[in-house]
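Residue numbers (my numbering), protein chains in the order written: chain A, 1 to 304; chain B, 1 to 252; chain C, 1 to 444.
Glycine included, C-beta positions come from ideal geometry on N, C-alpha and C.
And the structure:
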């Protein structure tokens with residue numbers, strides 16, 4: 001990112017350049033207040049012993065909360081689980097999204113209806129999604145999947161206990177695949193038809209068409225997807241809270257859930273704040289990696 | 001993909017006894033009993049009103065704040081502008097649970113607890129980065145020459161945005177707004193924790209069906225069906241609008 | 001642009017509907033906000049509230065009804081930050097004993113009106129809601145835990161459930177009756193993680209095996225032989241004779257399973273008795289039997305003591321209206337009204353001696369005398385054979401317990417699901433508990 005794209009902008013209008021403060025200022029101010037106030041308070045609480053339920057023994061404890069956090073194996077399990085969850089859901093949503101997008105890019109009867117139905121999960125509240133999957137599909141006695149297993153002569157599986165992480169990944173993927181589908185489909189539909197024809201005349205097969213035209217064309221939307229979804233998935237909470245509650249054991253305890261345990265179960269605001277500071281650091285580390293890798297695609301795609 | 005939703009809607013029309021039956025029943029005599037009971041659980045009109053005000057108000061405010069910001073970032077790009085954009089997005093990475101208590105205490109002192117206004121402000125902050133970013137990518141696709149022409153005619157910056165930019169960018173704005181509405185409508189964490197009685201929203205109402213002492217799948221399904229219905233319909237109607245703004249620069 | 005127009009009309013419609021939303025009630029009436037759990041007994045209270053509003057025309061009641069976990073989070077954050085959103089809170093014995101009373105967050109009930117008859121409240125329940133002799137919350141219903149069993153299934157195998165069973169006997173019964181191919185499971189027990197879910201039950205099991213949460217110096221005891229033995233017994237029992245999906249079964253799920261005829265035995269809250277003995281909600285109403293909770297080496301702490309109670313936060317500005325409501329909802333007259341309108345098995349149990357002298361209730365509820373005896377026998381100050389520094393049968397009444405209990409419950413659920421061994425699970429729980437206790441300053 002050494003050079004900033006100026007190809008398209010109104011750079012030569014620089015004399016008329018509007019006041020940045022006036023234009024970007026309000027939005028930045030809102031976000032700055034939104035970010036800095038809780039962050040500063042969290043930093044402050046993170047060096048104190050502060051349990052909402054205990055009026056005694058409050059006060060400055062230095063880095064004790066951080067030290068206990070780093071020594072806590074649960075914390076590290078939560079960090080690993082968070083990353084595993086994000087990577088798996090990213091792979092599932094983008095993979096499935098691509099397949100669906102390619103499918104809906106063709107013509108078939110009732111295509112619009114099918115597409116409308118396929119993107120519906122995205123509009124459903126996460127709370128409803130989680131309750132629906134947990135009770136009506138995954139339930140080992142009354143759930144639909146148990147019935148299917150039994151009808152096929154198998155044993156019903158207690159999905160959320162036997163494959164907790166995969167089940168959660170399935171739920172979140174179901175919810176977010178439509179988002180990926182929509183973005184990739186929009187991108188596919190903008191593929192210039194003559195370009196494809198040219199490749200076909202050159203004798204490239206379907207695979208060649210896909211490999212040399214479609215994939216490069218989708219690079220930018222996929223980059224955008226990677227970044228946007230990572231941001232959302234890093235803070236996923238409701239789906240885990242309403243299905244596995246982080247378990248069994250620690251199988252689905254992610255960082256947000258870990259912080260929840262500290263903040264709203266133990267009401268230990270000191271530890272929770274230390275955890276939150278770590279989560280922010282982790283998010284920023286991920287963001288830096290991600291941006292390094294894909295920002296060229298997002299911000300400077302129009303440059304050669 | 002749609003099947004789970006369909007199944008839930010079907011369950012909503014069953015009686016509690018049938019909701020549990022194994023093998024599952026597809027052919028049923030529909031009953032509205034579960035809906036009646038779900039409605040009896042609370043003041044649904046109030047919840048819908050609260051959810052709509054918070055979702056629509058925050059979206060409106062968010063779009064108003066975003067348009068000038070995205071305009072500036074897209075048409076006068078500098079390194080600092082690019083940094084500002086990335087920074088805005090990074091504010092979304094804070095896990096809400098981590099900052100709940102600070103926000104709660106601040107809200108208590110500002111008397112914003114259990115107010116729709118309080119929720120609305122949170123949603124503005126939550127959605128702002130996304131709206132700015134979507135508008136930014138959309139504005140970047142608009143050739144600068146069009147705005148240039150307007151300026152040659154002597155239009156000021158405000159006129160330029162109002163008369164030239166906005167009409168062209170309407171699909172992008174609509175799309176960003178739709179996404180913001182969907183996210184705010186479905187938001188459950190902040191609404192659960194910052195409201196108590198007056199400002200309760202639909203997701204909190206649904207949460208009240210979670211593990212009652214006694215399983216109420218039909219009632220839960222009925223409540224959930226009512227709660228997702230408006231946004232589902234909105235999404236169906238507006239899916240093309242939504243898709244157009246999600247291009248992220250892929251459309252040349 | 002039809003779609004565009006549709007969109008606009010949807011938006012304006014939504015706004016219009018929000019403007020038409022009902023305006024708040026007239027200024028002269030006091031509106032009190034009550035936070036409560038979505039348990040059936042509380043839903044009935046909500047349903048009967050118009051009767052209260054008729055008697056007190058200047059008080060309006062607004063309800064916040066949530067599942068137990070969410071309710072706890074909200075009322076605890078509210079009261080500890082003095083936010084003042086609620087006038088009446090539904091709280092448990094744990095809240096009162098773990099510091100809410102000591103911290104001065106609750107208004108005391110030091111002068112109960114004579115018509116209310118405070119002496120009629122069951123003594124152990126009253127004691128469990130008092131701090132230094134003063135009552136801080138009034139019981140709405142109270143419960144202990146007991147063994148439910150299916151008389152028909154026992155008779156078919158020629159078995160008899162003793163009045164006071166041991167865990168060894170229970171295991172033998174479960175083995176004899178367990179028949180998964182017919183979806184009849186030997187025993188159902190809680191497996192859903194949470195200090196108020198699986199750990200409430202498991203703590204009574206550990207108690208009766210002679211284990212305790214902390215020694216006298218607040219050192220966590222989760223890796224002690226008693227804990228290993230009790231948890232090992234539980235995991236084996238559930239793996240061999242339990243239903244599928246134990247780790248997602250809490251109170252509600254097990255109640256549904258038993259009422260559907262899928263369980264031969266169940267050890268859980270006495271409050272389920274009314275539901276199970278009611279033919280409208282239970283397929284096995286005629287065949288369900290009741291016995292004491294099973295015992296291993298000590299009878300101490302083998303069955304729990306719990307009460308859901310109504311308290312008034314100090315932050316309220318409507319204490320008089322709040323008190324009026326609480327006196328109404330926990331009165332003898334209220335219990336009678338529920339009995340007459342909803343049926344006697346639905347009355348809130350365990351709070352008043354007069355309930356257990358009411359012939360209509362005794363007749364409708366065959367379990368009544370057993371429940372009264374169980375509540376009277378429970379002793380939160382001696383939860384196991386060894387001495388403990390805390391109060392509480394199925395919990396340790398310190399603020400840190402919620403976190404410790406829930407994470408221990410998670411670990412044990414992990415062992416039950418086969419994700420780790422019992423030793424690993426208890427070791428993990430122990431190090432977490434030590435961590436929390438150190439952080440809180442109990443131990444170095």
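Under the three-state reduction of DSSP, which class applies to residue 389 of chain C: helix, strand or coil? Counting from 1 along the third chain, the entry for residue 389 of chain C is found at position 389. The answer is coil: DSSP assigns residue 389 of chain C none of H, G, I, E or B.
Beta-carbon proximity list for residue 152 of chain B, same chain, < 8 Å, skipping 5 on both sides: Locating residue 152 of chain B in the second chain gives position 152, where the first residue counts as 1. Closer than 8 Å at the Cβ level, and outside the excluded window around residue 152 of chain B, lies no residue.
If the cut is a Cβ gap below 8 Å, which residues of chain C does residue 123 of chain B touch? The residue labelled residue 123 of chain B in the question sits at position 123 within the second chain. Within 8 Å Cβ-Cβ: nothing; residue 123 of chain B doesn't reach chain C, min ~15 Å.
Listed from N- to C-terminal order along the chain, which residues in the stretch 331 to 344 of chain C have their beta-carbon within a distance smaller than 9 Å of any beta-carbon of chain B? none
Along the chain, where does the alpha helix (DSSP H) that runs through residue 41 of chain C open and close? Start at 1 with the first residue of the third chain, and residue 41 of chain C comes out as number 41. Segment 40 to 55, the alpha helix (DSSP H) holding residue 41 of chain C.
In three-state terms, what does DSSP make of residue 120 of chain C? Locating residue 120 of chain C in the third chain gives position 120, where the first residue counts as 1. Residue state, collapsed to three classes: helix.
Going by C-alpha distance, which of B/244, B/220, B/131, B/242 is nearest residue 37 of chain B? Position 37 of the second chain, counted from the first residue, corresponds to residue 37 of chain B. It is B/220 whose Cα lies nearest to the Cα of residue 37 of chain B.
Residues, ordered as in the chain, of the stretch 85 to 110 of chain B that lie near chain C by beta-carbon distance below 9 Å: 100, 101, 104, 105, 107, 108
DSSP has residue 91 of chain C in a bridge; who is on the other side? On the third chain, position 91 is the one that residue 91 of chain C refers to. DSSP lists C/309 as partners of residue 91 of chain C.
Within the 8 Å Cβ cut-off, does residue 38 of chain C reach chain B? Translated into positions along the third chain, residue 38 of chain C becomes position 38. With 8 Å as the cut-off, residue 38 of chain C counts as an interface residue toward chain B.
What whole-angstrom Cβ distance do residue 30 of chain B and residue 88 of chain B have, given they're in contact under 8 Å? Indexing the second chain from 1 puts residue 30 of chain B at position 30. Indexing the second chain from 1 puts residue 88 of chain B at position 88. Incorrect: roughly 48 Å between the Cβ atoms, too far for contact.
Expected contact under 8 Å - CB spacing of residue 176 of chain B and residue 135 of chain B to nearest Å: Position 176 of the second chain, counted from the first residue, corresponds to residue 176 of chain B. Position 135 of the second chain, counted from the first residue, corresponds to residue 135 of chain B. With a Cβ gap of about 6 Å, residue 176 of chain B and residue 135 of chain B count as contacting.
Just verifying my parser: in three-state terms, what is the DSSP assignment at residue 183 of chain C? Walking along the third chain from the start, residue 183 of chain C turns up at place 183. Residue 183 of chain C: coil per DSSP, three-state reduction.
Given a cut-off of 8 Å on the beta-carbon distance, is the pair residue 380 of chain C and residue 393 of chain C in contact? Reading the third chain from its first residue, position 380 is the one you call residue 380 of chain C. Reading the third chain from its first residue, position 393 is the one you call residue 393 of chain C. Result yes, Cβ atoms of residue 380 of chain C and residue 393 of chain C sit closer than 8 Å.
As assigned by DSSP and simplified to three states, the class of residue 265 of chain C: By one-based count along the third chain, residue 265 of chain C stands at place 265. Note: residue 265 of chain C maps to strand in three-state DSSP.
Residue range of the unbroken beta strand (DSSP E) whose run includes residue 160 of chain B: As a first step, residue 160 of chain B is located in the second chain; it is residue number 160 there, counting from the start. No beta strand (DSSP E) contains residue 160 of chain B, which DSSP labels as neither H nor E.
Buried versus exposed, by CB contacts within 10 Å (16 or more), residue 301 of chain C: Position 301 of the third chain holds residue 301 of chain C. Residue environment: residue 301 of chain C is assigned as buried (16 or more neighbouring CB atoms within 10 Å of its CB, all protein chains considered).
Meets three-Cβ-pair contact criterion under 8 Å: the stretch 233 to 248 of chain C and the stretch 305 to 314 of chain C: no
My output table needs one value for residue 242 of chain B: the three-state DSSP class, helix, strand or coil. Along the second chain, one-based indexing puts residue 242 of chain B at 242. Helix, per DSSP.
Closest by C-alpha distance to residue 68 of chain B, when choosing among A/109, A/33, A/24: By 1-based counting over the second chain, the position of residue 68 of chain B is 68. Comparing Cα positions, the closest option is A/24.
Under 8 Å from the C-beta of residue 74 of chain A: neighbouring residues of chain C: Counting from one through the first chain, the residue named residue 74 of chain A turns up at place 74. What residue 74 of chain A touches in chain C: 407, 428, 432.
8 Å Cβ cutoff, residue 217 of chain C in contact with chain A: Here residue 217 of chain C is taken as the residue at index 217 of the third chain, counted from 1. Judged by the 8 Å Cβ criterion, residue 217 of chain C is not in contact with chain A.
Residue 192 of chain B and residue 207 of chain B: beta carbons closer than 8 Å? In the second chain, the residue the question calls residue 192 of chain B occupies position 192. In the second chain, the residue the question calls residue 207 of chain B occupies position 207. In contact: residue 192 of chain B and residue 207 of chain B (Cβ atoms closer than 8 Å).
Nearest to residue 93 of chain C by CA position, among C/408, C/432, C/422, C/391, is which residue? Mapped onto the third chain, residue 93 of chain C falls at position 93. Considering only alpha carbons, the answer is C/391.
So the candidates are C/193, C/140, C/225, C/156; which of them puts its Cα closest to the Cα of residue 412 of chain C? Counting from one through the third chain, the residue named residue 412 of chain C turns up at place 412. When each option's Cα is compared against that of residue 412 of chain C, the closest is C/193.
Does DSSP put residue 97 of chain B in a helix, a strand or coil? Here residue 97 of chain B refers to the residue found at position 97 when the second chain is read from its first residue. Reduced to three states, the DSSP call for residue 97 of chain B is helix.
Option in B/231, B/13, B/223 with minimal Cα separation from residue 131 of chain A: Translated into positions along the first chain, residue 131 of chain A becomes position 131. The shortest C-alpha separation from residue 131 of chain A is found at B/223.
Which same chain residues end up closer than 8 Å to residue 278 of chain C when comparing Cβ atoms and leaving out the 5 residues on each side of it in sequence? As a first step, residue 278 of chain C is located in the third chain; it is residue number 278 there, counting from the start. Closer than 8 Å at the Cβ level, and outside the excluded window around residue 278 of chain C, lie 285, 343, 345, 346.
Note down, in chain order, all residues in the stretch 60 to 74 of chain C with a beta-carbon under 9 Å from any beta-carbon belonging to chain B. 62, 63, 64, 65, 66, 67, 68, 69, 70, 73, 74
In chain order, what residues of the same chain have a beta carbon less than 8 Å from the beta carbon of residue 134 of chain A, not counting five sequence neighbours either side? Taking the first residue of the first chain as 1, we reach residue 134 of chain A at position 134. For residue 134 of chain A, where only same-chain residues beyond five positions count, the Cβ hits under 8 Å are 160, 242, 243.
Residue 11 of chain A - DSSP class collapsed to helix/strand/coil: To locate residue 11 of chain A, count along the first chain from 1; it is residue 11. Since pLDDT at residue 11 of chain A reaches only 46, below the 50 mark, its modelled position is unreliable, and the value read off the structure follows with that caveat. Per DSSP, reduced to three states, the secondary structure at residue 11 of chain A is helical.
From A/191, A/235, A/123, pick the residue whose C-alpha is nearest to that of residue 220 of chain A; which is it? What you label residue 220 of chain A is simply residue 220 of the first chain in a count that begins at 1. Ranking the options by Cα distance to residue 220 of chain A, first place goes to A/191.
Do we get a CB-CB distance below 8 Å when we pair residue 26 of chain A with the residues of chain C? Along the first chain, read from residue 1 onward, the residue named residue 26 of chain A stands at position 26. No, no contact with chain C.
Cβ contact (3+ pairs, closer than 8 Å) linking the stretch 269 to 278 of chain A and the stretch 26 to 44 of chain A: yes
Tell me residue 146 of chain C's beta-bridge partners as DSSP assigns them. In the third chain, residue 146 of chain C corresponds to position 146, counting from 1. DSSP lists C/268, C/292 as partners of residue 146 of chain C.
Straight-line Cα distance separating residue 113 of chain B from residue 107 of chain B: Along the second chain, read from residue 1 onward, the residue named residue 107 of chain B stands at position 107. Along the second chain, read from residue 1 onward, the residue named residue 113 of chain B stands at position 113. So the two alpha carbons sit approximately 6 Å from each other.
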